[in-house]
Amino acid sequence: SGSPCRKYAAISSSEQRQSYKNDFNAEYSEYRDLHARIERITRRFTQLDAKLKQLLQGSEEYKVQTHTGSLIIEQQKVFF
1 SGSPCRKYAA ISSSEQRQSY KNDFNAEYSE YRDLHARIER ITRRFTQLDA KLKQLLQGSE
61 EYKVQTHTGS LIIEQQKVFF
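For the sequence shown, UniProt numbering gives the first residue as 1, with consecutive numbering after it.
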C-alpha cells in the first residue's frame, strides 16, 4: 500500500473531492477498529511496564512478567 500522497493528488474538482471523501468514509471504520486495538495493546504494555518497575530485576516474578510481555508481542504479530 503506497503513500497516500501518491494516491491522492491535490483536489481540483468537486467530483474528485467527493471521491476522496467516499474513500475516507469507506475505510474509516477499519481505521477506528485498528486504533482501538492499538490502544488496548498500548494499555497492556503500560500496565506491564508499571509492574516491572515495582519488581526486583532478575526475581522470579520479574521473569514471569517479562515472559508475559514477550507473549503479548508474539500474539500481536499475528494481528499485524
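Think of the CB as a built atom: it goes at the ideal place given N, C-alpha and C, for glycine as much as any other residue. In this text, all values refer to a predicted model and were calculated from it rather than measured experimentally.
Per-residue DSSP class, three states only, for residue i
i           : result
tyrosine 20 : helix
Proximity winner among the options, relative to residue i (alpha-carbon distances)
i          : options                    : result
serine 19  : Glu30, Lys7, Ser29         : Lys7
leucine 52 : Gln65, Asn22, Ile41, Glu60 : Gln65
Would you call the stretch 37 to 50 and the stretch 71 to 78 touching, i.e. three or more CB-CB distances under 8 Å?
The stretch 37 to 50, when compared against the stretch 71 to 78, does touch it at the 8 Å Cβ threshold.
Please give me, in chain order, every unbroken run of the alpha helix (DSSP H) with length at least 4 that falls completely inside the UniProt domain "OCEL" (2 to 80).
The UniProt domain "OCEL" (2 to 80) contains these whole alpha helix (DSSP H) runs: 4 to 7, 14 to 54, 60 to 79.
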